[in-house]
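Participant: Using our numbering, read the sequence shown as starting at 54 and increasing by one per residue. Even for Gly, the Cβ is constructed at its ideal location relative to N, Cα and C. Since this is a predicted model, take the numbers as computed values, not measurements.
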Amino acid sequence: MLNLPLSLLSCCLLWVASARGADYKWPSLPYDALEEFLYEGARPDGSSLADLVRPCKLRGGTNTTVAAEWIRLVYHDIATHNISDGTGGLDGSIFFETNRAENVGAGMNNTLSDFSTYPNKYVSRSDIIAIATVFGVATCSGPVIPFRGGRIDANVAGPTGVPDAGDSLDSLTNNFAKQGFNVSEMIQLVACGHTLGGVRYPDFPTIVAGSGQTTVVDLFDGTQQFDHNIVSQYLDGSTRDPLIVLNQTMASDLRVFSSDNNVTMQSMNSADSFAQTCTTIFDKMLNTVPSGVTLTDEITLVPVKVSAVQLTVGTSQLQFQANVRLVMASNSTTVSMYWCDRYGSSANCAGGLKRYAAPGGSLAVSSPISTAMGVTLRRFQFVVPIAASQSIAKFWFVVDYGNGTTVVADNGGSDYVVDQDEVLWVPSMSRDKSVLTGANGIFVTAAVKSSSTPSRVYIDCFGRATTDFLPMNKTYDLALNTSIPAVAGYTFYTGEATDDFGSTMQFDVVAVGADGTNSVDTYRQSGLIGVALAPASTVNSTTAGNVGGASGAENVRFGGWFGMVGVMSLVWTLSYL
């Protein structure tokens, strides 16, 4: 038994108690999609938003950070919130507003371009803006801002009204009050927002002298990091903030910072107080949403995270793939996947028979948030052959931490259930039309059990990363394709989605049975067409009673709330050994 120091155990318990682990079970959408993006920083196909900003990158050709541009955009999106009538806020309407004078700047369009290909069915444009903000703060040495999802996108421009550098103090105060911020919060928000970046000459030539140089940016303080220099340099008189020391007509930072006789600025004049204050005020900013929008609980890290689960048809038999992401305690941590047959004499692990395999590969994953938290994440990839006569009913994982401690990760005792095997997407037989013909859309192949007689087979497609920023949802019928020989008891249906749903198109494959019931292969990712899988692993079998499954009563099981306590306690303990 591991003996945990009381202080360490308390730390772990507090960390976990704040998490959603009390009721998390896989699958859980949209939580799964939001959690993966927040802590891995990338789309399911590997395209990384995190890599655009880390480590505190400069925007090419300028001396300002990408993070600064991202933070400016989020404020400009929420700035038109009206606390009285509940309109506006962080709703993605900024995508339709960059032609306004109040949103001038190459950085705004650069940022929209950065974000445009990442929204999907479960992560809205406005959620991407919020995630990018917490990425930008964290990668520039700032605090980890809590993130909640569930924002609803506006599909038209919102009202005007972003504060201007030339506004009077009364105008600025009234504008921030309309947004829901009092005077102290106004000062905090401006100071926290201006610790990064500066004023770009081409956008504000009356503030910054640039002699025609389009790359000149006059920084707010002397560093490119998220620090309290914006405060300390203002208070000691050494500030270089162009909204203080240059054109006095445009000295909005001076008017804001001094509006309460420097009381708020003095309260932020240390690294700790600045970080704490910015965490609180940015959290409020990101959660400023239109009335009627209910955000999720805080999205917290799931220590054992399953993703990319798919049963499909291979060349001669079924193929099952699944990823599991672990919080790594050491480089010697290993994991195996176990599963039960769906059919036959060993269905649901009858007789104690479990099949198992090692991963075919693994990949380190991270985002600015997981990096700032100090956790090491590794995603293990499993691809295994499955006999159609046996199929697969459920699976789970056994994690060996390399010190004699082995735990079972089984979804809190529920195992990870494979819902159905009646209709399956076949990505290896599907194609991206843009690659083949230059046209929009995808060719889709689905496999349906030959023994069934569906009245309809179709795909239900959803895309949010469209060129006009408007979500699209359409269905397309698939037809039986007798030119493709049956494989492993499955016949094939083909069809095409002819519209451009964007790079993050997701779809469900639906087979309507003769009795009207639907079999659904859900949450398929068009971006995974053509993505190479890990090599298939050798399948073994065991009747051991300490590896989960039908005889799992003997296991040390980590799942649900107690499981998260166990895993995180174990990881923290091993990290300190």
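Less than 8 Å between the CB atoms is what I'm expecting for Gln372 and Pro438, so what's the real figure, rounded?
Facilitator: 6 Å
Participant: In terms of residue numbering, what span does the beta strand (DSSP E) encompassing Ile495 cover?
Facilitator: 495-502
Participant: When you compare the CB positions of Gly457 and Ala518, do they come within less than 7 Å of one another, or not?
Facilitator: For the pair Gly457 and Ala518, the CB atoms are not nearer than the 7 Å cut-off.
Participant: Using a Cβ-Cβ cut-off of 8 Å (strictly less than) and excluding sequence neighbours within five positions of Gln329, which residues of its own chain qualify?
Facilitator: Pro196
Participant: Is Lys110 helix, strand or coil by DSSP?
Facilitator: coil
Participant: For Asn571, name the three-state secondary structure that DSSP assigns.
Facilitator: Correct three-state label for Asn571: strand.
Participant: Just the Cα atoms here: how many angstroms apart are Ser487 and Ile334?
Facilitator: 44 Å
Participant: Decide yes or no for the touch test of the segment 94-108 against the segment 426-435: beta carbon pairs closer than 8 Å, at least 3 of them.
Facilitator: no
Participant: My output table needs one value for Tyr546: the three-state DSSP class, helix, strand or coil.
Facilitator: strand
Participant: Roughly how far, in whole angstroms, is the beta-carbon of Val127 from the beta-carbon of Val106, given that I think they are within contact range, below 8 Å?
Facilitator: Contact doesn't hold; Cβ gap of about 13 Å is too wide.
Participant: Pick helix, strand or coil for Arg253, following the three-state DSSP scheme.
Facilitator: strand
Participant: Measuring only the C-alpha atoms, how far is Asn228 from Ala244?
Facilitator: 17 Å
Participant: Taking Cβ to Cβ, would you say Val562 is nearer than 7 Å to Ile495?
Facilitator: Pairing Val562 with Ile495 gives a Cβ-Cβ distance that is not under 7 Å.
Participant: Can you tell me which residues form a DSSP beta bridge with Leu533?
Facilitator: Tyr546
Participant: By alpha-carbon positions, which one of Asn493, Glu475, Ala499, Thr490 ends up nearest to Met482?
Facilitator: Ala499
Participant: Under 6 Å Cβ to Cβ from Arg432, same chain only, skipping five residues before and after it: list those, please.
Facilitator: Asn376, Arg378, Leu416, Val418
Participant: From Gln241, His134, Cys331, pick the residue whose C-alpha is nearest to that of Ile147; which is it?
Facilitator: His134
Participant: From what residue to what residue does the alpha helix (DSSP H) around Val316 run?
Facilitator: 316-320
Participant: Straight-line CA distance for Ser169 to Asn162?
Facilitator: 10 Å
Participant: Roughly how many angstroms separate the alpha carbons of Asp474 and Ile205, rounded to a whole number?
Facilitator: If you draw a straight line from the Cα of Asp474 to the Cα of Ile205, it comes to about 34 Å.
Participant: Quick check on Val584: buried or exposed, where buried means 16 or more other Cβ atoms within 10 Å of its Cβ?
Facilitator: Val584 comes out exposed.
Participant: Might you give, ordered along the chain, the residues of its own chain that have their beta carbon closer than 7 Å to the beta carbon of Ser166, omitting 5 neighbours on each side?
Facilitator: So the list is empty, once near-sequence residues are dropped.
Participant: According to DSSP, Met390 sits in a beta bridge with which residue or residues?
Facilitator: Ala410, Phe450
Participant: How would you label Gln319, buried or exposed, when you count the other beta carbons within 10 angstroms and need 16 or more for buried?
Facilitator: The residue in question, Gln319, is exposed, as its Cβ has fewer than 16 Cβ neighbours within 10 Å.
Participant: Would Thr248 and Phe279 qualify as a contact pair, given that the criterion is a beta-carbon distance under 7 Å?
Facilitator: Against a cut-off of 7 Å, the Cβ pair of Phe279 and Thr248 comes out as a contact.
Participant: State the Cα-Cα distance for the pair Ser604 and Ala597, rounded to the nearest angstrom.
Facilitator: Caution applies to Ser604, whose pLDDT of 43 falls short of 50 and renders its modelled position unreliable; the model cannot decide the point.
Participant: Over the uninterrupted beta strand (DSSP E) stretch that includes Asn593, give me the two end residues.
Facilitator: 593-595
Participant: Are the beta-carbon atoms belonging to Ala361 and Asn401 less than 7 Å from one another?
Facilitator: No, these two residues do not count as a Cβ contact at 7 Å.
Participant: Among the candidates Asp313, Phe273, Ala262, Ala210, whose CA atom is the shortest distance from the CA of Val236?
Facilitator: Distances from the CA of Val236 to each of Asp313, Phe273, Ala262, Ala210 were compared; the closest alpha carbon is that of Asp313.
Participant: Here's a check: name, in chain order, each residue in its chain whose Cβ is nearer than 7 Å to the Cβ of Asp91, leaving out the five neighbours to either side.
Facilitator: Residue identity differs from the one stated: residue 91 is Leu in this sequence, not Asp. Answer for Leu91: Ile184, Phe200, Ile352, Ser420, Ile422, listed in chain order.
Participant: How would you label Ala492, buried or exposed, when you count the other beta carbons within 10 angstroms and need 16 or more for buried?
Facilitator: Ala492 comes out exposed.
Participant: Sort Arg178, Ala191, Asp453 by Cα distance to Lys110 and report the nearest one.
Facilitator: Ala191
Participant: If you draw a straight line from the C-alpha of Gly290 to the C-alpha of Ile283, how long is it?
Facilitator: Distance between the alpha carbons of Gly290 and Ile283: 11 Å.
Participant: So within the segment 73-159, which uninterrupted alpha helix (DSSP H) runs reach at least 4 residues, ignoring any that extend past its ends?
Facilitator: 84-93, 119-131
Participant: Measure the alpha-carbon distance for Thr528 versus Ile198 and round it to whole angstroms.
Facilitator: Just so you know, the alpha carbons of Thr528 and Ile198 end up roughly 38 Å apart.
Participant: Our contact map puts Ser323 next to His281 with C-beta atoms below 8 Å; I'd like the distance itself, whole angstroms only.
Facilitator: 6 Å
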